[in-house]
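J.:
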Amino acid sequence: MEHLHRTIIEPFRIKVVEPLGITTRPEREQALKDAHYNVFSLHADHILIDLLTDSGTGAMSAQQWASLMIGDETYAGSRSFYRLEKVVQSLTGMKHVIPTHQGRAAEHILFATLAQPGMVVPNNSHFDTTRANCEFFGGLALDLLRDEASDPRTDLPFKGDIDLDKLRAVLVEHRGHVPCVMLTVTNNRGGGQPVSLANIRATRAMCDEFGVPLFLDAARFAENAYFIKVREPGQSHRTAREIAEEMFRLAHGFTMSAKKDGLVNIGGLLCMDDDVLADNCRTRLILTEGFPTYGGLAGRDLEALATGLEEVTDEDYLAYRHASIRYLFDKLDALGVPMMRPPGGHAVYMDAGAFYPHIPAWQYPGVTLTNALYVAGGVRGVEVGTVMFGRPDPNGGHDECASLELVRLTFPRRTYTQSHVDYLIECIAEVYRDRAKAPGYKMVRQRPVLRGFTAWFEPLG
Ligand code: F0G
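Under my numbering, think of the first position of the sequence shown as 1140, with each following residue one higher.
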């Protein structure tokens, strides 16, 4: 789109509408209490704007809905699989295209197949499920971000870059035990920060030097490609699609949660060039996911994904997506709300620790902020701090805390409009104004794994 005006608009109009859960403040207070002050336990009917995740929560296009109708449900050899295979091969250049029901299934099969004693897998930052699958098969999952990228205040264009010195040291130390190097594009754990093309190229060169394959975690590959286009010197003349094609061709394989940049509500991919690895992965796939031409998905899902992958590199869409997140970030920045900088590709991360300096990490400022935002406006964000990544003290003392107390406001794709964002800004402004009197929380129940999803809280004081 030729941008004649300053306002970057949603590049679509709305054909199907879905009512939002409109509630009163007392209703929200009650709903939160009933949910034991954990927004994961809220009912969708009580949520107005849901920014919990961008995973599988986006809107499909008219073309994708049309694709559903031509989905071919043949068990083996589905026409829709062959279409998806062609679309993925054209985008990525990968020889083997293996569908899975979502990203973590692809990770599970990959690590099950690569597993070896003493396995070490370096990554810029492993997403939770990637780490969990690697560790489940006995691996050591290493996060090798550059030190300056861990500080939420440093404003660098490619905070997702892997630290090449750290990577070399790992490849030397664990020579023979690294079955693959991974790069998560964009880096979800690090705030949706992109990886530069220069860094992907250099990582590939290092992988070649050590004879180790490079795998991308490509959940948000299109957002990453767009950041390269607009931020990396010498890339602005290329299309996001061309950049994405190069990113994939620099890798030997990738896992993908298609619920993000596949623009579908369910689906994943595991792709690679290596014939033997692919054969072994397909054998596992049949055990847990399904026959290799559907991998746990319906034919219509494969068809919608093929269309989504064709649509997602559209630059009008990517420019709008980028602008809508930037818009929220800039408005909150003007209010003085502390955030992780710069804004990432799929979310704005508020720094709850700095928002509530009077609440120590072991009283969960991220929960305070998440809950205050829900009560103020029915908006659901998610705590990414000590609840999610900290650990209880076995002696009953304070938790071992996370390094940052963040709250993620994640944007579903093509779902909310600018007026929703304006409303959101109003809610955050109110919460920010009232920050001094906000209480911390205590955790009154927790499970031994992934406690964030099921923990119960009570407000202090
Ligand atoms: N890799 C990345 C970078 C992810 O962000 C996710 C999911 C996965 C893998 C796993 O994929 O959910 O399809 O099995 N991230 C979601 C989120 C859940 O909210 O960030 P999945």
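Cβ coordinates follow ideal geometry from the N, Cα and C atoms, glycine included.
Predicted model, so just to flag it, every value in this text is computed and none were measured.
(1) Closest to ASN1327 by CA distance: which of PHE1266, ASP1300, ALA1308, ALA1437 is it?
(2) Taking only three categories from DSSP, how would you classify ARG1359?
(3) In chain order, what are the residues with a CB under 6 Å from some non-hydrogen atom of the ligand F0G?
(4) Cβ of LEU1408 within 8 Å of Cβ of THR1239?
(5) Residues bridged to PHE1349 by DSSP?
(6) Write down the C-beta distance between VAL1560 and LEU1416 rounded to the nearest angstrom, noting that I regard them as a contact closer than 8 Å.
(7) Of the choices VAL1476, SER1463, GLY1520, GLY1299, whose alpha-carbon is the least far from that of ILE1147?
(8) Would you say GLY1484 and THR1325 are within 8 Å of each other, going by their C-beta atoms?
(9) If you draw a straight line from the alpha carbon of LEU1303 to that of THR1556, how long is it in whole angstroms?
(10) Determine whether the beta carbon atoms of LEU1389 and ARG1359 lie at a separation below 8 Å.
(11) Would you decide whether GLY1535 is buried or exposed? Buried here means 16 or more other CB atoms lie within 10 Å of its CB.
(12) Can you tell me where the beta strand (DSSP E) with PRO1261 in it begins and where it stops?
(13) Taking only runs of the alpha helix (DSSP H) that begin and end inside the segment 1149-1235, which ones reach a length of at least 4 residues, in chain order?
(14) Checking the sheet assignment: what are the DSSP bridge partners for SER1375?
(15) How many whole angstroms separate the CB atoms of VAL1523 and LEU1171, which I take to be in contact at a CB cut-off of 8 Å?
(16) Between ALA1383 and the rest of its own chain, which residues show a CB-CB distance below 7 Å, the 5 nearest in sequence each way excluded?
(17) Return the Cβ separation of MET1395 and GLY1591 in integer angstroms, given the expectation that the two are a contact with Cβ distance under 8 Å.
(18) Measuring straight from C-alpha to C-alpha, what distance separates LYS1154 and THR1554?
(19) Using only CA atoms, which one of ALA1500, HIS1247, PRO1499, SER1180 lies nearest to THR1427?
(20) Would ARG1530 be called buried (16 or more neighbouring beta carbons within 10 Å of its own) or exposed?
(21) Any idea which residues DSSP pairs LYS1581 with across the strands?
(22) Would you call the segment 1436-1450 and the segment 1268-1286 in contact, with 3 or more CB pairs under 8 Å?
(23) Report the three-state DSSP secondary structure of PRO1335 (helix, strand or coil).
(24) Note down, in chain order, each residue of its chain lying with its Cβ closer than 6 Å to the Cβ of ILE1564, except the 5 sequence neighbours on either side.
T.: According to the data block:
(1) PHE1266
(2) coil
(3) THR1192, SER1194, GLN1241, GLY1242, ARG1243, PHE1266, THR1268, THR1269, THR1323, ASN1327, ASP1356, ALA1358, SER1396, LYS1398, GLY1407
(4) Yes. Within cutoff.
(5) According to DSSP, PHE1349 bridges with nothing at all.
(6) The pair is not a contact, with the Cβ atoms about 43 Å apart (cut-off 8 Å).
(7) SER1463
(8) yes
(9) 40 Å
(10) no
(11) It is exposed - the Cβ of GLY1535 has fewer than 16 other Cβ atoms within 10 Å.
(12) 1259-1262
(13) You should have 1164-1173, 1201-1208, 1218-1231.
(14) According to DSSP, SER1375 bridges with nothing at all.
(15) With a Cβ gap of about 19 Å, VAL1523 and LEU1171 do not count as contacting.
(16) Once the five neighbours on either side are set aside, the close Cβ partners of ALA1383 are LEU1230, PHE1360, ALA1361, ALA1364, THR1452.
(17) Contact doesn't hold; Cβ gap of about 24 Å is too wide.
(18) 12 Å
(19) HIS1247
(20) exposed
(21) GLU1597
(22) no
(23) The sequence shown places Ser at residue 1335, rather than the Pro named in the question. Coil.
(24) These residues qualify, in order along the chain: LYS1470.
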